[in-house]
Amino acid sequence: MTQGLGSGNLPIRVCTVGSGPSAFYAVEALLKASGLDVRVDMFERLPTPFGLVRGGVAPDHQKIKSVSKVYDKIAEDPRFRFFGNVRIGKDLTIEQLERSYHAIVWAIGCESDNRLGVPGEDLAGVCSATEFVGWYNGHPDFRDRTFDLQRSRRVAVVGNGNVAMDCSRILLQSADRLADTDIADHALATLRQSSVTEVVLLGRRGPAQAAFSPKEIEEIAELPDVDVAVSAEDAHVDEHSAKWLETQARSAQRSVKFLQECAARGPQDRKKRLTCRFLVAPVAFEGDGGRVRAITLQHAALDLDKDGTPRARPIDRFTTLEVDLVLKAVGYRGVPLPGLAFDDRRGIIANLDGRVLDRVGGAARRGHYVVGWAKRGPTGLVGTNSPDSKATVEQLLQDVRAATTLAPTVEGGAEKALRAANLDFVTWQDWQRLDAHERAQGQDRGKVRHKEPDVAALLQAVRALRK
Ligand code: NAP
-15 MTQGLGSGNL
-5 PIRVCTVGSG
5 PSAFYAVEAL
15 LKASGLDVRV
25 DMFERLPTPF
35 GLVRGGVAPD
45 HQKIKSVSKV
55 YDKIAEDPRF
65 RFFGNVRIGK
75 DLTIEQLERS
85 YHAIVWAIGC
95 ESDNRLGVPG
105 EDLAGVCSAT
115 EFVGWYNGHP
125 DFRDRTFDLQ
135 RSRRVAVVGN
145 GNVAMDCSRI
155 LLQSADRLAD
165 TDIADHALAT
175 LRQSSVTEVV
185 LLGRRGPAQA
195 AFSPKEIEEI
205 AELPDVDVAV
215 SAEDAHVDEH
225 SAKWLETQAR
235 SAQRSVKFLQ
245 ECAARGPQDR
255 KKRLTCRFLV
265 APVAFEGDGG
275 RVRAITLQHA
285 ALDLDKDGTP
295 RARPIDRFTT
305 LEVDLVLKAV
315 GYRGVPLPGL
325 AFDDRRGIIA
335 NLDGRVLDRV
345 GGAARRGHYV
355 VGWAKRGPTG
365 LVGTNSPDSK
375 ATVEQLLQDV
385 RAATTLAPTV
395 EGGAEKALRA
405 ANLDFVTWQD
415 WQRLDAHERA
425 QGQDRGKVRH
435 KEPDVAALLQ
445 AVRALRK
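Take -15 as the starting number for the sequence shown in this note's numbering and just add one per residue.
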């Protein structure tokens, strides 16, 4: 082990890139490492922390968002520092980080989304759920997006994971129910004008393989004036799936039971409806004047793959679904970062159990680690990141013990470089003031928080609050 590394004379200096749940759980694991003096700096490209907790979790799920209180506690440790408004690759290079830290933990999530790769996907009105979610959450990257809800009666959501559920719930519930949340003002104004009465959820596999959690669909059914409609054909569980379902988590069985109850009960006379369709996938989007008008759906049957998992096999049956808007919720995808090996097939940073590799299947790259969605792909709930980040930190600490981390040459180099470049980074104290300001502004408007979606305006507020 490097002489004294981790002792009071020579603290282990680590940085995270990203400030979402996986980054905070990594910080927590690092600061808890027993007998070691660890200092952690966190870099975040936005002026605000918390990643998907702020910009992804739906505004009507404030209980999930309240996990940020746990992160506040972690950030109280004097060995932790936050550097918001700093983009790695632009404001600081990877080489600068390597000269300043023993280890770099990449926690950059999956910032893009999967494409379907079918004709018409670029028509106006065919949008990604990533954009829609970022837009209603006031994420600066998506504040300029527009969704023509006023002229839309039927919206199709492709995919049936929990992101699809979030989008469906936001579209179907009354805007009044969202008014006291931290939803972006622009989104609330648009939702107030919405004409949407039906969301059609399109699952490419059967009801037994629906990716949503049962409580998410039950929550939609509990919304006032919203029906969850499933035809008997769509609720049917084929023989393969019935057997397979017995081997699955109880949650999958609960979802099927719920869907079959909806089918047995038949459609209810409600103002709005979530229609669940299964074994269908878009093969083309049809347009009219450059705007989506319909989807050609190809039906499917299920076959078992060699692992015994039911997979969709397209069959020779097609139908057309007229739609006014489409949201694709078919999974997030990582964005390659120059200088870091990317696993293009999986859409993540190339890694083995959290150690970043020099190329896919290659050797571990000294001093680089990855956590969260950038490590394992876009799966799991917020809490999934806690054990996942701990596991990566365990690898990092093993490398500290084996003296195979980086050997930084410049103490405080990253901060010095930011100051030399006159970059106005956001400290944790700045964020705490902004947090209090957002809450106060929200209170004036009868909301839990008012989020300014423009980075320049956020920075202006940060500066004003320093005075
Ligand atoms: P997901 O759970 O992986 O769901 C993706 C959906 O897209 C699946 O239904 C998948 O079908 C479908 N799909 C993928 N490629 C497709 C294609 N080419 N054509 C048609 N359908 C396709 O992903 P997600 O909804 O983006 O959620 C990401 C993670 O965040 C999940 O772990 C989720 O639970 C979590 N999350 C949780 C909450 C919450 O707890 N409230 C909210 C949001 C997100 P197949 O199953 O057939 O692949």
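Ideal Cβ positions, reconstructed from N, Cα and C, are used throughout, including at glycine.
On a Cα-Cα basis, can you pick out the residue from the options that is closest to residue i?
i           : options               : result
residue 235 : 199, 225, 269 and 262 : 199
residue 224 : 286, 375 and 387      : 286
residue 399 : 69, -12, 48 and 55    : 69
residue 292 : 169, 226, 283 and 345 : 226
residue 1   : 58, 78 and 282        : 78
residue 255 : 209, 277 and 243      : 209
residue 263 : 220, 445 and 403      : 220
residue 444 : 157, 417, 430 and 429 : 417
residue 389 : 17, 148 and 83        : 83
residue 170 : 124, 157 and 229      : 124
residue 253 : 238, 211 and 222      : 211
residue 51  : 230, 205, 300 and 365 : 365
residue 189 : 201, 384, 218 and 197 : 218
residue 410 : -12, 17, 3 and -5     : 3
residue 455 : 61, 313 and 437       : As displayed, the chain neither begins before -15 nor continues past 451, which places residue 455 out of reach and without an answer.
residue 437 : 290, -8 and 32        : 32
What is the DSSP secondary structure of residue i, counted as helix, strand or coil?
i           : result
residue 454 : The structure shown has nothing for residue 454, since the chain only spans -15 to 451.
residue 335 : strand
residue 262 : coil
residue 326 : strand
residue 239 : helix
residue 107 : coil
residue 256 : strand
residue 349 : strand
residue 298 : strand
residue 1   : strand
residue 395 : coil
residue 129 : coil
residue 203 : helix
residue 387 : coil
residue 306 : strand
residue 421 : helix
residue 80  : helix
residue 160 : helix
residue 280 : strand
residue -14 : Confidence in residue -14 is poor, its pLDDT being 44 and thus under 50, which makes the residue's placement too unreliable to answer from.
State yes or no: is the C-beta of residue i within less than 8 angstroms of the C-beta of residue j?
i           : j           : result
residue 166 : residue 426 : yes
residue -2  : residue 20  : no
residue 296 : residue 265 : yes
residue 213 : residue 251 : yes
residue 101 : residue 270 : no
residue 347 : residue 340 : no
residue 379 : residue 318 : no
residue 141 : residue 185 : yes
residue 311 : residue 113 : yes
residue 309 : residue 145 : no
residue 203 : residue 153 : yes
residue 275 : residue 155 : no
residue 27  : residue 55  : no
residue 282 : residue 298 : yes
residue 172 : residue 192 : no
residue 138 : residue 182 : yes
residue 455 : residue 92  : The shown model of the chain, from -15 to 451, leaves out residue 455, and the question about it has no answer.
residue 97  : residue 315 : yes
residue 86  : residue 201 : no
Take residue i and list the residues in its own chain whose beta-carbon comes closer than 8 angstroms to its own, dropping the five residues that flank it on each side.
i           : result
residue 134 : 174, 177, 178 and 179
residue 430 : 163 and 164
residue 456 : With the chain running from -15 to 451 in the structure shown, residue 456 is simply not present.
residue 228 : 192, 288, 292, 293 and 294
residue 302 : 267, 280, 281, 282 and 283
Leaving aside the five residues before and after residue i along the sequence, list all residues of the same chain whose C-beta is less than 7 angstroms from its C-beta, in chain order.
i           : result
residue 422 : 433, 434 and 435
residue 40  : 117 and 121
residue 63  : 15, 22, 23 and 24
residue -14 : In this prediction, residue -14 has a pLDDT of 44, which is less than 50 and means its spatial position is unreliable; what the coordinates show is noted afterwards. The answer, listed in chain order, is 387.
residue 441 : none
residue 126 : 115, 118 and 119
residue 401 : 76 and 80
residue 43  : 120, 121, 162, 165, 166 and 167
residue 17  : 381
Using a Cβ-Cβ cutoff of less than 6 angstroms, which residues in the same chain neighbour residue i once the five nearest sequence positions on both sides are dropped?
i           : result
residue 331 : 317 and 318
residue 369 : 5, 6, 9 and 356
residue 359 : 335 and 338
residue 12  : 58
residue 246 : 212 and 214
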